[in-house]
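Visitor:
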Amino acid sequence: MTDTPAAIDLSYVEAVLGPCTVVREHSWPHRGATVLEIGDASGRRWFAKRHQRREQYDRELSAYLRWVPALRPNAPELHAYDDERRTLVLSAVPGRVVPDHTPGLHRLGGTLLRRLHDAEEFTPDPDYAAAKEAELEEWLARSDGLLDPAETAFARSEIRCLQGLPSPPTVPCHRDYSPRNWLLDGRNLYAIDFEWARPDAWVADLGKLFFGPWQGRPDLRDAFLEGYGHMLTGDDLGHLVHGHALTVTWQLIWSTQHGNLSFAAGTREVLHGLMQRAYS
Numbered sequence: 001m002t003d004t005p006a007a008i009d010l011s012y013v014e015a016v017l018g019p020c021t022v023v024r025e026h027s028w029p030h031r032g033a034t035v036l037e038i039g040d041a042s043g044r045r046w047f048a049k050r051h052q053r054r055e056q057y058d059r060e061l062s063a064y065l066r067w068v069p070a071l072r073p074n075a076p077e078l079h080a081y082d083d084e085r086r087t088l089v090l091s092a093v094p095g096r097v098v099p100d101h102t103p104g105l106h107r108l109g110g111t112l113l114r115r116l117h118d119a120e121e122f123t124p125d126p127d128y129a130a131a132k133e134a135e136l137e138e139w140l141a142r143s144d145g146l147l148d149p150a151e152t153a154f155a156r157s158e159i160r161c162l163q164g165l166p167s168p169p170t171v172p173c174h175r176d177y178s179p180r181n182w183l184l185d186g187r188n189l190y191a192i193d194f195e196w197a198r199p200d201a202w203v204a205d206l207g208k209l210f211f212g213p214w215q216g217r218p219d220l221r222d223a224f225l226e227g228y229g230h231m232l233t234g235d236d237l238g239h240l241v242h243g244h245a246l247t248v249t250w251q252l253i254w255s256t257q258h259g260n261l262s263f264a265a266g267t268r269e270v271l272h273g274l275m276q277r278a279y280s
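Take the sequence shown: its letter number 82 is residue 82 in UniProt numbering, and every next letter is one higher.
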């Protein structure tokens with residue numbers, strides 16, 4: 001199953017911004033959302049984003065209302081939204097995605113993430129592990145045989161391991177926190193794209209880094225954690241490694257069912273790496 005990206009009602013955007021033009025489209029393939037860069041009459045840049053799915057719209061809107069203001073000016077600001085159209089109008093931020101990984105970049109990433117995580121305090125959830133098991137089973141029920149028995153058994157065994165760990169505090173998490181959602185402008189780093197944001201353990205935001213650019217680069221990991229202001233404890237590492245089995249499971253199912261087969265293939269490689277204990 002693939003989704004057709006939802007068209008943006010430009011009359012709504014003009015009602016918000018006044019006379020404006022579409023500069024270019026920034027939609028990700030297979031994301032189920034349309035993202036347009038807009039220029040208003042004064043030359044100021046904006047972004048209009050319309051979600052195909054209500055769940056992702058609700059998550060991103062909630063993040064912009066509750067948590068993203070803590071990142072100002074290092075994240076877009078919510079200018080307007082329309083629930084019926086599932087559309088957000090956001091301020092543009094400067095910068096560009098940086099392909100090179102440096103300790104300085106990752107230190108900035110850690111500092112910025114800490115501001116997001118400090119945006120709201122939540123009561124610790126004593127049923128954290130049980131909730132993760134239930135979430136995994138919900139995804140497996142939707143998998144349509146995409147995971148083989150060995151992959152399924154591994155994911156279940158990893159999530160069961162969370163029962164032996166203390167329930168972690170939960171914080172506002174981005175849940176897609178990686179350099180592709182960082183824009184660097186000089187020495188200023190900006191975070192974008194909050195459609196997966198929700199409360200979770202703080203290490204949930206480290207998964208794409210730990211199992212990606214940090215492999216073989218302890219300097220990047222150490223710089224990020226220095227910027228964040230907290231080193232990984234043994235329990236943190238347990239939640240990070242075991243919990244990532246759920247992350248790669250739902251990402252594999254979601255990306256396959258939405259036609260992003262290249263991302264699904266890469267995600268399956270990570271899953272097999274976890275199964276082989278290939279990460280450190």
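Think of the CB as a built atom: it goes at the ideal place given N, C-alpha and C, for glycine as much as any other residue.
Ignoring anything shorter than 4 residues, give me the alpha helix (DSSP H) runs that lie fully in the region 130–171, in order along the chain.
Guide: 149–160
Visitor: Quick check for students: name the residue ranges of the alpha helix (DSSP H) that lie wholly in the region 71–108, counting only runs of 4 or more.
Guide: none
Visitor: Within a Cβ cutoff of 7 Å, which residues of the same chain sit near threonine 267, ignoring the five residues on either side of it in sequence?
Guide: Here threonine 267 has Val248, Gln251, Leu252 and Ser255 as same chain residues with Cβ atoms under 7 Å from its own Cβ, once five neighbours each way along the sequence are excluded.
Visitor: What are the partner residues of proline 199, as DSSP defines its beta bridges?
Guide: Pro172
Visitor: Tell me the rounded alpha-carbon separation between glutamate 195 and alanine 278.
Guide: 30 Å
Visitor: Can you check whether the CB of arginine 50 is closer than 9 Å to the CB of residue 304?
Guide: In the structure as shown, the chain starts at 1 and stops at 280, and residue 304 therefore has no counterpart that could be examined.
Visitor: Less than 9 Å separating the beta-carbons of histidine 101 and proline 172?
Guide: Contact flag unset, no.
Visitor: Give the list of continuous alpha helix (DSSP H) stretches no shorter than 4 residues that lie fully inside the region 22–64.
Guide: Runs of the alpha helix (DSSP H) inside the region 22–64: none found.
Visitor: So leucine 240 is in the beta strand (DSSP E); what residue range does that whole segment cover?
Guide: Counting along the chain, no beta strand (DSSP E) covers leucine 240; the unbroken alpha helix (DSSP H) around it starts and ends at 234–257.
Visitor: Does DSSP classify asparagine 260 as helix, strand or coil?
Guide: coil
Visitor: Name the two residues that bound the continuous alpha helix (DSSP H) containing leucine 17.
Guide: 10–17
Visitor: Beta-carbon separation of histidine 41 and proline 69 under 9 Å?
Guide: Going by the sequence as given, residue 41 is alanine instead of histidine. The Cβ atoms of alanine 41 and proline 69 do not sit closer than 9 Å to each other.
Visitor: Mapping the DSSP letters down to three states, classify aspartate 205 as helix, strand or coil.
Guide: helix
Visitor: Spatial neighbours of aspartate 3 within its chain, please: CB distance less than 7 Å, with the 5 preceding and 5 following residues excluded, ordered by chain position.
Guide: Low confidence applies here, because aspartate 3 scores a pLDDT of 46, under 50, leaving its location unreliable; read the following figure in that light. Cβ within range, chain order: Gly32, Gln52 and His258.
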